[in-house]
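Protein sequence lines, in the order shown, are assigned to chains A and B. No gaps in the numbering here: position 397 of the first sequence is 397 in the UniProt record's numbering, and each next residue is one more. No gaps in the numbering here: position 119 of the second sequence is 119 in the UniProt record's numbering, and each next residue is one more. Heads up, the thing below is written out as structure tokens.
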Amino acid sequence: MSRKGKRGIAGILESREVERIRGPLLFVKIASGVAFDELVEIELSSGEKRRGRVLDISSGVAVVQVFEGTTGISTTGTTVRFLGKTLEIGVSEDMLGRIFNGLGDPIDGGPSVIAEEKRDVNGEPLNPASRAYPKDFIQTGVSAIDGMNTLVRGQKLPIFSGGGLPHNVLAAQIARQSVVRGENEQFAVVFAAIGIKYDDFLFFRKFFEETGARSKVAMFVNLANEPAMIRLMTPRVALTLAEYLAYERDMHVLAIITDMTNYAEALREVSSAREEIPGRQGYPGYMYSDLASIYERAGRVIGKKGSITQMPILSMPNDDITHPIPDLTGYITEGQIVLDRGLYNRGIYPPVNVLMSLSRLMKEGIGPGKTREDHNDVYNQLYAAYSRAQELRSLATIIGEESLSPTDKKYLRFSEAFERTFINQLPTENRSIEETLDIAWNVLSILPENELTNIRPEHLQKYYKKS
Amino acid sequence: MSVLGRIRRISGSLVVAEDMAGIKMYEVVEVGEEGLIGEVSRIEGDVAYIQVYESTSGLRPGEIVKGTGNPLSVELGPGLISQIYDGIQRPLEDVKKLSNSIFVKRGIRLPALPREKKWHFKPIEQFKHGSKVSGGTIIGTVKESELIEHRIMVPPNIHGVLKELSPEGDYNIEEEIGSVEQDGKKIPLKLYHTWPVRIPRPYQDKLEPNEPLVTGLRIIDTLFPIAKGGTAAIPGGFGTGKTVTLHGLAQWSEAKVVIYIGCGERGNEMTEVLERFPEYKDPWTGRPLMERTILIANTSNMPVAAREASIYVGVTMAEYYRDQGYDVLLVADSTSRWAEALREIAGRLEEMPAEEGYPSYLASRIAEFYERAGRVIAAGDPRRIGSVTIGGAVSPPGGDFTEPVTSHTRRFVRVFWALDTALAYSRHYPAINWLISYSAYADTVSEWWKKNVDSSWSEDRKRALEILYRENEVREIVRLVGTEGLSESDKLILFTARLLKDGFLKQNAFDPIDAFSEPRRQYKMLRSILTVHEAISALILQKGVTMSEVEGAISDPVAKLVRGRYTIPHDRTEEFDKIVNEILKKLEELQKAR
Ligand SMILES: Nc1ncnc2c1ncn2[C@@H]1O[C@H](COP(=O)(O)OP(=O)(O)OP(=O)(O)O)[C@@H](O)[C@H]1O
Ligand SMILES: [Mg+2]
Numbered sequence: 001m002s003r004k005g006k007r008g009i010a011g012i013l014e015s016r017e018v019e020r021i022r023g024p025l026l027f028v029k030i031a032s033g034v035a036f037d038e039l040v041e042i043e044l045s046s047g048e049k050r051r052g053r054v055l056d057i058s059s060g061v062a063v064v065q066v067f068e069g070t071t072g073i074s075t076t077g078t079t080v081r082f083l084g085k086t087l088e089i090g091v092s093e094d095m096l097g098r099i100f101n102g103l104g105d106p107i108d109g110g111p112s113v114i115a116e117e118k119r120d121v122n123g124e125p126l127n128p129a130s131r132a133y134p135k136d137f138i139q140t141g142v143s144a145i146d147g148m149n150t151l152v153r154g155q156k157l158p159i160f161s162g163g164g165l166p167h168n169v170l171a172a173q174i175a176r177q178s179v180v181r182g183e184n185e186q187f188a189v190v191f192a193a194i195g196i197k198y199d200d201f202l203f204f205r206k207f208f209e210e211t212g213a214r215s216k217v218a219m220f221v222n223l224a225n226e227p228a229m230i231r232l233m234t235p236r237v238a239l240t241l242a243e244y245l246a247y248e249r250d251m252h253v254l255a256i257i258t259d260m261t262n263y264a265e266a267l268r269e270v271s272s273a274r275e276e277i278p279g280r281q282g283y284p285g286y287m288y289s290d291l292a293s294i295y296e297r298a299g300r301v302i303g304k305k306g307s308i309t310q311m312p313i314l315s316m317p318n319d320d321i322t323h324p325i326p327d328l329t330g331y332i333t334e335g336q337i338v339l340d341r342g343l344y345n346r347g348i349y350p351p352v353n354v355l356m357s358l359s360r361l362m363k364e365g366i367g368p369g370k371t372r373e374d375h376n377d378v379y380n381q382l383y384a385a386y387s388r389a390q391e392l393r394s395l396a397t398i399i400g401e402e403s404l405s406p407t408d409k410k411y412l413r414f415s416e417a418f419e420r421t422f423i424n425q426l427p428t429e430n431r432s433i434e435e436t437l438d439i440a441w442n443v444l445s446i447l448p449e450n451e452l453t454n455i456r457p458e459h460l461q462k463y464y465k466k467s
Numbered sequence: 001m002s003v004l005g006r007i008r009r010i011s012g013s014l015v016v017a018e019d020m021a022g023i024k025m026y027e028v029v030e031v032g033e034e035g036l037i038g039e040v041s042r043i044e045g046d047v048a049y050i051q052v053y054e055s056t057s058g059l060r061p062g063e064i065v066k067g068t069g070n071p072l073s074v075e076l077g078p079g080l081i082s083q084i085y086d087g088i089q090r091p092l093e094d095v096k097k098l099s100n101s102i103f104v105k106r107g108i109r110l111p112a113l114p115r116e117k118k119w120h121f122k123p124i125e126q127f128k129h130g131s132k133v134s135g136g137t138i139i140g141t142v143k144e145s146e147l148i149e150h151r152i153m154v155p156p157n158i159h160g161v162l163k164e165l166s167p168e169g170d171y172n173i174e175e176e177i178g179s180v181e182q183d184g185k186k187i188p189l190k191l192y193h194t195w196p197v198r199i200p201r202p203y204q205d206k207l208e209p210n211e212p213l214v215t216g217l218r219i220i221d222t223l224f225p226i227a228k229g230g231t232a233a234i235p236g237g238f239g240t241g242k243t244v245t246l247h248g249l250a251q252w253s254e255a256k257v258v259i260y261i262g263c264g265e266r267g268n269e270m271t272e273v274l275e276r277f278p279e280y281k282d283p284w285t286g287r288p289l290m291e292r293t294i295l296i297a298n299t300s301n302m303p304v305a306a307r308e309a310s311i312y313v314g315v316t317m318a319e320y321y322r323d324q325g326y327d328v329l330l331v332a333d334s335t336s337r338w339a340e341a342l343r344e345i346a347g348r349l350e351e352m353p354a355e356e357g358y359p360s361y362l363a364s365r366i367a368e369f370y371e372r373a374g375r376v377i378a379a380g381d382p383r384r385i386g387s388v389t390i391g392g393a394v395s396p397p398g399g400d401f402t403e404p405v406t407s408h409t410r411r412f413v414r415v416f417w418a419l420d421t422a423l424a425y426s427r428h429y430p431a432i433n434w435l436i437s438y439s440a441y442a443d444t445v446s447e448w449w450k451k452n453v454d455s456s457w458s459e460d461r462k463r464a465l466e467i468l469y470r471e472n473e474v475r476e477i478v479r480l481v482g483t484e485g486l487s488e489s490d491k492l493i494l495f496t497a498r499l500l501k502d503g504f505l506k507q508n509a510f511d512p513i514d515a516f517s518e519p520r521r522q523y524k525m526l527r528s529i530l531t532v533h534e535a536i537s538a539l540i541l542q543k544g545v546t547m548s549e550v551e552g553a554i555s556d557p558v559a560k561l562v563r564g565r566y567t568i569p570h571d572r573t574e575e576f577d578k579i580v581n582e583i584l585k586k587l588e589e590l591q592k593a594r
């Protein structure tokens, strides 16, 4: 039997024997009694304190991941304290309106938060039998979303973007305009910044201040120049607050998390420091499950009023949707909004590639009593027609537009109008779902009635504009 | 005496324990003070490597590890139907009640089957004291749900003389309802027994799957059918429609029992089934779908080790109902997550990786899983045939079908429904690519179609496929030289292929009429399109009419024909004939005008 380490005051166990340092990891000699996943405090010889957690533990050695990084840590003169608990944050409604660092400490100069409860940031898996299926239509005022990829309350719907594309503007527009019709309650926003540029952070902060929404927003910020290991905790810290607000305080929470690509890179860094067998492009094989432990923290629950709607933002490396980060994300989330450089270059805002975008929870959120009775048919038809038009467009570039049949030419006109008037709108323009559907009918009416085979005759009769 | 050791190392879901001499491979152990459930996956001397099925956060080296003496097993008996279990058969509704939490707490132990509930047991009359019985022999029945008569069997591998059998009456599953004497030992019989999940249940004989498992999905039943006892894989990138298709199979298939394994996928997808299935009716019996369904959920945020187990837990239950003489459908969404769990476990055990980090035994594990499908003569009396049909989703990274899980799966399944990202982008659902999908059962099930639906089913199916294949070639030509140089019959191919796609292959899973088509309706729709095709073909070949004239003349009724899939109710399929007649009449007028 191994020697039991003595825990001091408040269950703290101490070691001064750092054996090895590799990347963000410390290998610390310990007596037994240290727990897997335990929170660790590292005191440098300078007196500086950092935090970390136990990633691997055997009878003699604990592997500690240091959130703030290992720069400046020496194998001598360092004290490592095992704190006898996992990383927890105190949560409270008063955190709305405040700004925190990536580990949940206030950085806005305000008072420290008086916690109503302490929670493990890792959370626990929601029991599938406790979930309630998300069904409430959120009107974002953006046609490409409301009409074609409807968001519902409790959904996790990421934005797949690329460098220089207006994902921040779009996310802000959605945060500002989103309402569930028939309710005038605003969303509380939990905002997690993961390794983003200061400019991007300023953009959001200014935006929340200007819209007067600051009091409903809690921001957790880890900037690009801050330690990468913290990024692994930031979304978890933010979602821990979100869960508290949703399930204990009956709030509808919108969680905006940006940029998940930085998160995944931090994950890769730890993995390679641990010399794990890498999966695709060096990302660890468990990245799917790891990402899921973040994304699945969205939803609605039976018997609770609140909800968590997640809108993560990620940039696709090289605009490549098959890159492991967007790919694994798409496999977990309930759809995706894909931004497109081609549309952006043609001046279309928001440059949403509707064909590549998807909302899996749309079906329950639309239709009579929710949006409008024709919505289902209209969106099916828009998809069918727009994808046919795309095909014809590429055909026309080969054989020339003049060789297309008259009907086919109408498809090209339709697609042009669809992009220019339906998808395209101002960042300040807030369209009702009726406006969105009416614009859809304007563009669909460019096509002959007999082409609209996805639409029921009764809806055609009511809405189709005969020329 | 059970083994008692101590934790030496913890790394994620892997726990290494020492002082474990005597422990067996795959034995279930209790880990740490909370007694977390784990399974032994490697032994070196007295050191055991353990996969823990729950979060290991907070575990410490030095905590105890206790052997249970048993391999991972499931409870099989009445009360399985309508349940939702986690990956190691913990009933999630009960977990919810017991923990009084919306989250899955760890360390909770609950029996899989309700202990208190009384079931009305009816013994089989012919048995009396002294009858010879063997594993699989049915000794009585219990009404498990309105749909399922649960047949109580002598557990596998037991044979002997029936000593007692209780009279008709109400019993809970722990009560003895009889006993068998085997080799001088009395073995009690209960309404349930347990079975180790990694060992296939025995049967008498395997048969050729030759009856279709009708699914109500047109592209499947008509073009790429699955047989009862068959195996199918449905690979596709994210969002291409694997889950919707598997939900469709679970909903509409003519199976007696459906087992749905949510393996490393979304929580809401389980919730959807939980909310929808009690409301939706089984089209074959009119009863709520939940009365024939068992759910197993290890969602993507639940512990990974249990993901690996969930597949075996599910297939063992499937075999159990098969042994009762029922047709069982098992769907697993997604087998890739299961394979990834294998990979993760192998990685933590520091095994030598083969392709893309997967262990070298990936292929054999996949093969073993699909081998558990089949149509069999069950063990024991009376003679009965049951089947397990398996449909597994595959989630290839980047939608690349050459990756290990997809390519190995392909070797072991006989039906391949390949989902296509391009079709999904254009919202052609189900996005099953007809050019690369296949079914090895198309010929074997054709007898059934000939007998029950129409004698020309086979030819018409082939004809439809030919048109679709030819369309692909014609489109190649168009991409090179445009439509102008096309012959009229090639233009007809384009026209008919579009009809087939829009009016037959596309099937909206969320439309109350379109979602499900029974075989006769499927055939009627197909024949309608082919009839139109044949009539036009005669016209352009013999009378020199052009396709653009034809299309102009019949565009109204053709639009109606396309809409028919969601506008014509199930009991009014003669409407299709009316539309076809309308089209034929217009074509005749065109011909007369010549
Ligand atoms: N037959 C269908 N009818 C209508 N819509 C469909 C159909 N099949 C798929 N869809 C649409 O496609 C979406 C994605 O389908 P699904 O969730 O089945 O994808 P998946 O292949 O399981 O993806 P993932 O691998 O990410 O789980 C659905 O939410 C639905 O909107
Ligand atoms: Mg799916």
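Ideal Cβ positions, reconstructed from N, Cα and C, are used throughout, including at glycine.
Asked	Found
Around the Cβ of Val40/A, are there at least 16 other Cβ atoms within 10 angstroms (buried) or fewer (exposed)?	buried
Alpha carbon to alpha carbon, how far is Ser359/A from Arg383/B?	49 angstroms
With respect to the alpha helix (DSSP H) encompassing Phe412/B, which residues constitute its N-terminal and C-terminal limits?	404-412
Between the C-alpha atoms of Arg3/A and Arg297/A, what's the straight-line distance to the nearest angstrom?	Note that Arg3/A scores 39 on pLDDT, short of 50, meaning its location in the model is unreliable and no value can be drawn from it.
For a contact meaning CB atoms closer than 7 angstroms, what does Ala559/B contact in chain A?	Asn450, Thr453
In terms of residue numbering, what span does the beta strand (DSSP E) encompassing residue 595/B cover?	Because chain B spans 1 through 594 in this model, residue 595/B falls outside it and cannot be assessed.
Within 10 Å of its beta-carbon, does Leu426/A have 16 or more other beta-carbons around it, so buried, or fewer, so exposed?	exposed
Is there a C-beta anywhere in chain B that falls below 7 angstroms from the one on Thr86/A?	yes
At the 7 angstroms Cβ level, is Tyr361/B part of the contact set with chain A, yes or no?	no
Please state whether DSSP places residue 637/B in a helix, a strand or coil.	Look at the range of chain B in this structure, 1 to 594, and you will see that residue 637/B is not part of it.
Quick check: is any heavy atom of ligand 1 less than 6 angstroms from the C-beta of Pro134/A?	no
Can you find a heavy atom of ligand 1 that lies under 6 angstroms from the Cβ of Asp238/B?	Sequence check: residue 238/B is Phe here, not Asp. Because some heavy atom of ligand 1 lies under 6 angstroms away, the Cβ of Phe238/B counts as near it: yes.
Restricting to runs no shorter than 4 residues, where is the alpha helix (DSSP H) found entirely within the stretch 121-159 of chain A?	143-146
Tell me where the beta strand (DSSP E) around His193/B begins and ends.	193-196
Rounded to whole angstroms, what's the CA-CA distance from Asp19/B to Ile277/A? Just pull it up for me.	29 angstroms
Which value, in whole angstroms, describes the spacing of the CA atoms of Ile89/A and Glu355/B?	41 angstroms
Please name the residue in Asn210/B, Val65/B, Val257/B whose C-alpha comes closest to that of Lys451/B.	Asn210/B
Exposed or buried, Val481/B, counting other C-beta atoms within 10 Å across all chains shown (16 or more means buried)?	exposed
For a cutoff of 7 angstroms on Cβ pairs, would you count Phe127/B as touching chain A?	no
Within 7 angstroms (strictly less), CB to CB, does Ala553/B reach chain A?	no
Looking only at its chain, what residues have a beta carbon closer than 6 angstroms to the beta carbon of Ile23/B, apart from the 5 residues adjacent to it on each side?	Val3, Val40, Ala48, Gly67
Under 7 angstroms between C-beta atoms, does Asp46/B make it to chain A?	no
Using a beta-carbon distance cut-off of less than 7 angstroms, what residues from the stretch 291-303 of chain B approach chain A?	Ala297, Thr299, Ser300, Asn301, Met302
Taking only beta-carbon positions, decide if Asn149/A is within less than 7 angstroms of chain B.	no
My output table needs one value for Val161/B: the three-state DSSP class, helix, strand or coil.	strand
Alpha carbon to alpha carbon, how far is Ser82/B from Asn581/B? Give it in angstroms, no decimals.	47 angstroms
On the three-state DSSP scale, how would you describe Thr299/B?	coil
Would you mind working out which of Met251/A, Val66/A, Gly123/A sits nearest Glu185/A, comparing C-alpha positions?	Met251/A
For ligand 4, list every residue whose C-beta falls under 5 angstroms from any of its heavy atoms, going in chain order.	With respect to small molecules bound, the structure shown includes ligand 1 and ligand 2 and not ligand 4.
Confirm the yes/no value for this check: CB of Pro430/B, any heavy atom of ligand 1, distance under 6 angstroms.	yes
Output yes or no for whether 7 angstroms exceeds the beta carbon distance between Ala292/A and Ser407/B.	no
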